Amino acid sequence: MSPLKLSRRQLLKSAGVVAGAATLPMTFVKIAQAAPAENFTFAYISDAHIQQIKGAQFVRNWDRGLIRAVAETNLLEPKPDFVIFGGDLAQLGNKAELDHGAEMMSKLKHKTHYVMGEHDYYLDLGEYWSKLFGPQHYSFDHKGVHFVVLNSVLTYDDWTFKRWPTAEQRMNEMAGLDNPNGSPFMVGEKQRAWLKADLDKVDKATPVVVLSHSPLQKLYKGWNFWTEDADEIQALLKPFKTVTVLYGHVHQIQYNQIGNITFHAVMATAWPWPYPQTYAKAKHMMPQLTVPMNRGDPFFERDATGWQFIDVATGRPTLSYNLYNNSVRTVGFNPKTGKPEDRAYQDPSKRIPPQTHF
Ligand SMILES: [Fe+2]
Ligand SMILES: [Fe+2]
474 MSPLKLSRRQ LLKSAGVVAG AATLPMTFVK IAQAAPAENF TFAYISDAHI QQIKGAQFVR
534 NWDRGLIRAV AETNLLEPKP DFVIFGGDLA QLGNKAELDH GAEMMSKLKH KTHYVMGEHD
594 YYLDLGEYWS KLFGPQHYSF DHKGVHFVVL NSVLTYDDWT FKRWPTAEQR MNEMAGLDNP
654 NGSPFMVGEK QRAWLKADLD KVDKATPVVV LSHSPLQKLY KGWNFWTEDA DEIQALLKPF
714 KTVTVLYGHV HQIQYNQIGN ITFHAVMATA WPWPYPQTYA KAKHMMPQLT VPMNRGDPFF
774 ERDATGWQFI DVATGRPTLS YNLYNNSVRT VGFNPKTGKP EDRAYQDPSK RIPPQTHF
């Protein structure tokens with residue numbers, strides 16, 4: 474059976490068997506010609522947006538999205554080596570939301586690394602989140618791959634500390650997708666200095682995987698699909714042979730290639746964002762996306778939401794998207810073309826035409 478025809482249930486059931494033969498359902502292992510012993514997988518869950526209505530009442534749909542992702546991650550065979558949570562666990566960053574989210578995440582049977590999202594951060598500037606989940610930036614090594622976690626949702630001090638009369642208002646202003654009162658995300662000078670020192674210690678042939686909440690590329694400023702100091706960060710990553718940036722925040726499938734850096738967005742368990750039409754119109758928003766992408770059905774409420782099973786072979790992760798409409802989509806790096814490709818939609822006749830409505 475072709476891997477692309479596997480349903481989610483079949484993926485869950487058969488992944489172990491197939492992986493044993495070093496041909497995971499996302500078979501990118503073969504294309505990347507990796508030594509099978511070096512391959513590993515991890516799962517990625519992101520953007521749960523757990524939202525308190527009042528007291529112990531939370532938005533049920535967002536709860537269900539996260540509960541389902543956790544339950545299905547626990548069923549994976551082979552077991553992922555670890556799980557990443559990509560940020561925006563909470564909607565408005567309060568203790569009730571973060572506690573409730575943490576409680577649901579605690580059902581995961583795997584070690585979980587957390588990334589900070591703006592919805593987690595702007596109420597108390599990450600204080601309670603850090604109590605629950607630890608440092609906001611850090612690195613670790615796993616089976617020959619260097620992982621870096623960044624807090625990429627910082628912004629200018631003036632905006633953070635001087636603009637808003639209350640912490641709640643600051644949080645609300647940053648929580649809007651297209652709010653002109655928001656402010657561009659950035660990693661910031663201090664963390665960039667830490668990143669430089671961290672990367673200086675790493676052999677340039679070591680595959681690097683960077684985990685951030687915002688894209689670390691400049692996609693669309695109007696919606697903050699953007700990181701203000703992306704160019705500086707990309708420059709720090711340039712000396713490495715193989716770099717992959719995995720990010721949340723955009724709630725949609727995105728992938729791109731800029732030089733040696735492969736970018737993949739991961740999906741939300743809460744809701745999908747549309748692709749801004751202005752991607753196509755705003756040519757001055759550099760770099761342009763150079764890889765054609767397809768989205769699913771914007772009228773399907775769970776379109777492009779789900780979770781990912783990530784297969785790391787020779788440092789080039791392949792993402793297998795587990796969508797709520799039960800079709801598995803796989804995006805992996807093709808060394809022949811030097812960029813990530815969606816395995817189902819390379820044939821132009823199979824592509825879903827771009828939608829002009831949102
Ligand atoms: Fe989000
Ligand atoms: Fe976000």
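Each residue of the sequence shown is one higher than the last, beginning at 474 in our numbering.
The C-beta atom is built at its ideal place from N, Cα and C for all residues, glycine as well.
Given the structure is predicted, the values throughout are model-derived calculations rather than measurements.
In terms of side-chain proximity, the C-beta atom of GLY721 is found nearer than 7 Å to a non-hydrogen atom of ligand 1. Shown here, LEU605 sits in a helix according to DSSP, grouped into three states. Bounds of the alpha helix (DSSP H) holding GLY574 are 568-578. A direct Cα-Cα distance of roughly 5 Å separates PRO790 from ASP784. In the three-state reduction of the DSSP assignment, VAL739 falls in the coil class, being assigned neither a helical nor a strand state. Sequence-distant partners of HIS573 (beyond 5 residues in either direction) whose C-beta falls short of 7 Å from its own C-beta, in its chain, are ILE523 and PHE531. At the C-beta level, MET659 and LEU627 come within 8 Å of one another.
Judged by the Cβ position, GLY528 fails to qualify as a neighbour of ligand 1 at the 7 Å threshold, every heavy atom of the ligand being at least this far.
Exposure of SER822 is indicated by the presence of fewer than 16 other C-beta atoms within 10 angstroms of its C-beta. Burial state of THR742 is buried, judged by a 10 Å Cβ sphere holding 16 or more other Cβ atoms. Per the coordinates, the alpha-carbon of GLN727 lies some 5 Å from the alpha-carbon of ALA738. Using a cutoff of 7 Å, the CB of GLY590 counts as near ligand 1, since one of the ligand's heavy atoms is closer than that. The closest heavy atom of ligand 1 lies less than 7 Å from the beta carbon of ALA741. Taking 3 residues as the shortest admissible run, the segment 610-641 contains the following complete beta strand (DSSP E) segments, listed from N- to C-terminal end: 611-615 and 618-622.
Scanning its chain for C-beta atoms nearer than 6 Å, with the 5 sequence neighbours on each side dropped, one finds around GLY788 the residues VAL618, PRO680 and THR715, in chain order.
Per DSSP, reduced to three states, the secondary structure at ILE726 is coil, with no helix or strand assignment.
Counting C-beta pairs closer than 8 Å gives fewer than three between the segment 665-680 and the segment 635-645, which falls short of the contact rule. Just so you know, the alpha carbons of ASP704 and GLY528 end up roughly 43 Å apart.
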